[in-house]
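A.B. asks:
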Amino acid sequence: MQFPLPLALLFFISFSNALFANRVSDGVKNQDSIKIEQYLTKSRTYYTVKTDSAIYFSDKALQLSIKSNNQKLIINSQIECFYNYSVSRDLTNAKEVIDEAKSIAYIINDSLSIGRVHSCLGYYYVLASKYDSAIIQYNKSLEICEAIKNNKNKINNLIGLGEIYYERGDLELALSKYVEALKFEEVKYDNDTRLSLLINMANIYSDENQRKKAISYYNQAMEIAIELKDDDTLSVLYNNLAIIYQNDSDYNKALLFYEKSLDIDKKANNKADIALCLNNIGENYFKMGNTDKAIVFLRESLSTNRQLHLETEIIYNLETLTQVHLSLGNFNQAYKYLEEGISLTKKLKTKGKRSDLLKLLAEYYNKTGKYQKAYSSMIAYNSLKDSIQQKSRTEKIVELQTQFDSEKKEKENEILRVKNQFTQEKLEQEKMRAKYLYIFSFLALAVILLIIILFRSKIKINNQIKIINGKLEDSNSKLKIMNATKDKFFSIIAHDLRSPFNAILGFSELIKSEVEKGKNLELIEEYNANINESANSLFTLLENLLQWANDQRGILEFTPTQINLYELIQSNLALFKLKAADKSIKLFSDIQPNTVAFGDINMVNTIIRNLISNALKFTDENGEIFLSSVLDGDFIHLSVKDNGIGISKNNQDKLFRLDCNFTTNGTKEETGSGLGLILCKEFVKKNGGEIWVESEENKGSKFIFSLKSA
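Per our numbering, residue 257 is the first one in the sequence shown, and the count goes up by one each step.
Next up, the structure:
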């Protein structure tokens, strides 16, 4: 798990430098303004080591600014107060003071102040884990900085945006912001800002497993941090170097660097960084196999992050705790952490971490025997993962790094760049052509070698190939059935379930509209009837879908017993009585009370129900449906005959098949999925019988199936 350098440290260092650089030009240099500058300087001295003192001096500066009635100095002091409150995690006072600064900035219509205030608001929303709002504020500030050519604040806005995209897992976009910030000449002479950018870029390369580049950038950052005597940043560097060693499975060395980082954080009483380090130590112990120590450190980190309301860090805690408890078989505790973590990722819209937690959820369901839920969770995980990784992140990062190096070289020697531009581009093209040629040649050689190997193998083991081909054909047939099953399943979910839902929702809205307009009971009754019809259709489809899914999974119980077909038919005719009356269709049966078959009553009931439902669907108004039975040796042939629209010979061949997605609308545009007949065939087969159809177009259809006689 890789963390960026904390926003509360790096972003504030560089941003406050930009703010401080602007103060000298703000306001008249009288005695009050000099005193205010002194207070602000003292505040900045204390802000990372003793926040209470920093708040005290920034408040003194604010009170004196108000007394002097200098609006720009008031804004400067309010911004200083804002950052001191932010460092101490007092977000309530931070928001209050920056809102006051925003009001004053717009009243005096000072673009510089407005831009700075929007940057502060962006930083506030980052701390509050409201990243969408933060992006809006940073972009507003960027527009203003661009208009007034304020590169210092523009750099800090880019850093802030980079931090957000890093937190969201969009490493390409994060790196692009850092590269854009490094283009500015001002960064070369600002060690604090350069330090933050070097570390964050190192973090990205570390995440992408480009360890050499990561270590190179960390070493550059280390030199600057030592020069600045910046213990807080050294703590972060120790932490991130420990992560690299941890990823290389050098856990003891990783633990050594984590402890160095934790010592610095404890001396500074920086609770957020302490929580981060505790989490990493817990994760390290977990990978070492010491789950007891892992849980102790992880719980302490989680408790601290909850106190600080750091929701992003809480997600990391919950993820690792879930992994630990899953490994120990503590499934209830693991699920508790998972549920909270997924809820937070949805709230914060952090797709990357939600993807990780969905994968853990699938693992949880799999370990607890809930395989259907495990399957659903894996589908959700893969879908989310695909949306995140549509393009290769590594290629984007390499491309952006090349762009940065090229633009840096252009600034250092503009004349040489112009002279060599065409040559350089041509060389790059030649390199790409050569690269593609090498790849193509390698692939061609590999194909040739493969053909030779296969040809020789065919000569040597021809008999074995015949056996293998037979097995492959069998596997291919099974695979086609599985693919057809999958396609049918998703077709029903994507299309057939949607129609009844749309009908229910649409008529519900119409009922609501009619109720609001008045008491048009007849129209409401008609809409309600439509809703009832759609709900019944949906229920039938879902029931068929559930039974079919259970049958495919092999968990549908088959319990054959004696079945009184007369009673079963009569109960189904009663069930469809109202539906038949709706189309004025007459239902007849000549099945005698003593007609008894042997089979699974639930499956036979499903077969009869689906065949009657189909007959009603494809029979015109005033039509007839006739149910009959014939004893044929050891079998009873049951038939459902209608005088409806019939089925063409060509379409009859498409019935009962998964690989033919054949469905037609009924005489009143009733929709169907084709699943009912497939289910009928499966259940008839399980009961040892057969099913077939006799039909002519415009003359009706007769579906016959056989059951063992009791």
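C-beta: ideal position from N, C-alpha, C; glycine also.
Rounded to whole angstroms, how far is the Cβ of N870 from the Cβ of G945, which I believe are closer than 8 Å?
C.D. replies: The pair is not a contact, with the Cβ atoms about 18 Å apart (cut-off 8 Å).
A.B. asks: Which stretch, first to last residue, makes up the alpha helix (DSSP H) that contains G900?
C.D. replies: Counting along the chain, G900 falls outside any alpha helix (DSSP H), and DSSP gives it neither H nor E.
A.B. asks: Taking the alpha-carbon positions, what's the V940 to I819 distance?
C.D. replies: Those two C-alpha atoms are separated by around 14 Å.
A.B. asks: Name the DSSP bridge partner or partners of A430?
C.D. replies: DSSP, once it has assigned bridges, lists no residue as partnering A430.
A.B. asks: Could you tell me which residues DSSP puts in a beta bridge with H893?
C.D. replies: H893 is bridged to V886 and S962.
A.B. asks: Pop quiz: S962 and I892 are said to be a contact at Cβ under 8 Å. What is the actual Cβ separation, rounded to whole angstroms?
C.D. replies: The Cβ separation is near 7 Å, so the contact holds.
A.B. asks: Could you pull the start and end residues of the alpha helix (DSSP H) that A481 belongs to?
C.D. replies: Per DSSP, A481 belongs to the alpha helix (DSSP H) from R467 to L484.
A.B. asks: Curious, which full-length alpha helix (DSSP H) runs of at least 4 residues does the region 285-342 contain?
C.D. replies: The qualifying runs are 287-302 and 307-324.
A.B. asks: Rounded to whole angstroms, what is the Cα-Cα separation between G956 and A630?
C.D. replies: Cα to Cα, G956 sits roughly 45 Å from A630.
A.B. asks: Is S951 helix, strand or coil when you go by DSSP?
C.D. replies: Looking at S951 - three-state DSSP - the assignment turns out to be strand.
A.B. asks: Going by DSSP in three states, D856 sits in which element: helix, strand or coil?
C.D. replies: Three-state result, D856: strand.
A.B. asks: Closest to L497 by CA distance: which of D612, S389, L710 and S517 is it?
C.D. replies: Answer by Cα proximity: S517.
A.B. asks: Which first and last residues belong to the alpha helix (DSSP H) in which T348 is found?
C.D. replies: Note, T348: alpha helix (DSSP H), L347 to I364.
A.B. asks: Apply the 10 Å Cβ neighbour rule to T851 and answer buried if 16 or more other Cβ atoms are within range, or exposed otherwise.
C.D. replies: Classification for T851: buried.
A.B. asks: By how many angstroms is the C-alpha of L706 removed from the C-alpha of S713?
C.D. replies: Going from the Cα of S713 to the Cα of L706 covers about 10 Å.
A.B. asks: Would the beta-carbon of S557 fall within 9 Å of that of L594?
C.D. replies: No, these two residues do not count as a Cβ contact at 9 Å.
A.B. asks: In whole angstroms, what separates the C-alpha of L454 from that of A477?
C.D. replies: Cα to Cα, the separation comes out at about 6 Å.
A.B. asks: Could you tell me whether the Cβ atoms of A317 and I292 are closer together than 9 Å?
C.D. replies: The answer is yes: Cβ separation under 9 Å.
A.B. asks: Determine the burial state of R610: buried for a count of at least 16 other Cβ atoms within 10 Å of its Cβ, exposed for fewer.
C.D. replies: Flag for R610 reads buried.
A.B. asks: Any contact of the region 521-528 with the region 537-552, i.e. 3+ C-beta pairs under 8 Å?
C.D. replies: With the cut-off at 8 Å, the region 521-528 and the region 537-552 do not touch.
A.B. asks: What first and last residue would you give for the beta strand (DSSP E) that runs through N820?
C.D. replies: That run of the beta strand (DSSP E) goes P816 to N820.
A.B. asks: If G425 and K607 are in contact, beta carbons under 8 Å, what's the gap, nearest whole angstrom?
C.D. replies: G425 to K607, Cβ: 7 Å. Contact.
A.B. asks: Look at the alpha carbon of Y473 and the alpha carbon of S367, and state the distance between them as a whole number of angstroms.
C.D. replies: The straight-line gap from Cα to Cα measures roughly 36 Å.
A.B. asks: With distances taken from CA atoms, which of A403, I360 and C337 is nearest Y380?
C.D. replies: Selected option, being the one with the closest Cα: C337.
A.B. asks: Assign E823 to one of three DSSP states: helix, strand, or coil.
C.D. replies: Helix.
A.B. asks: Quick one: what does DSSP say E666 is sitting in, helix, strand or coil?
C.D. replies: Unreliable positioning characterises E666 in this predicted model, as indicated by a pLDDT of 42, which lies under 50. The coordinate reading is nonetheless provided below. Helix at E666.
A.B. asks: Establish whether the CB of R345 and some CB of chain C are separated by less than 9 Å.
C.D. replies: No chain C is present in this structure, which holds just one protein chain.
A.B. asks: Taking the beta strand (DSSP E) that L614 falls in, what are its first and last residues?
C.D. replies: That residue, L614, is in no beta strand (DSSP E); its alpha helix (DSSP H) goes K607 to K623.
A.B. asks: Is the region 576-588 touching the region 394-409, taking contact as three or more C-beta pairs under 8 Å?
C.D. replies: No: fewer than three Cβ pairs fall under 8 Å.
A.B. asks: Consult DSSP for G945 and reduce its assignment to one of helix, strand or coil.
C.D. replies: Three-state DSSP puts G945 in coil, outside helix and strand.
A.B. asks: What's the C-alpha gap between S827 and S904?
C.D. replies: Cα to Cα, the separation comes out at about 31 Å.
A.B. asks: Hey, I480 and V443 are a contact pair by Cβ (cut 8 Å); roughly how many whole angstroms apart?
C.D. replies: So it is not a contact: roughly 12 Å between Cβ atoms.
A.B. asks: Excluding sequence positions up to five away, which residues of its chain have a Cβ less than 6 Å from the Cβ of I598?
C.D. replies: L613, listed in sequence order.
A.B. asks: Between which two residues does the beta strand (DSSP E) containing K842 stretch?
C.D. replies: Its beta strand (DSSP E) spans residues K842 to S845.
A.B. asks: Quick one: Cα of L429 to Cα of M859, how far?
C.D. replies: Roughly 56 Å between the two C-alpha positions.
A.B. asks: For I881, which three-state DSSP category applies?
C.D. replies: DSSP places I881 in strand when its eight states are reduced to three.
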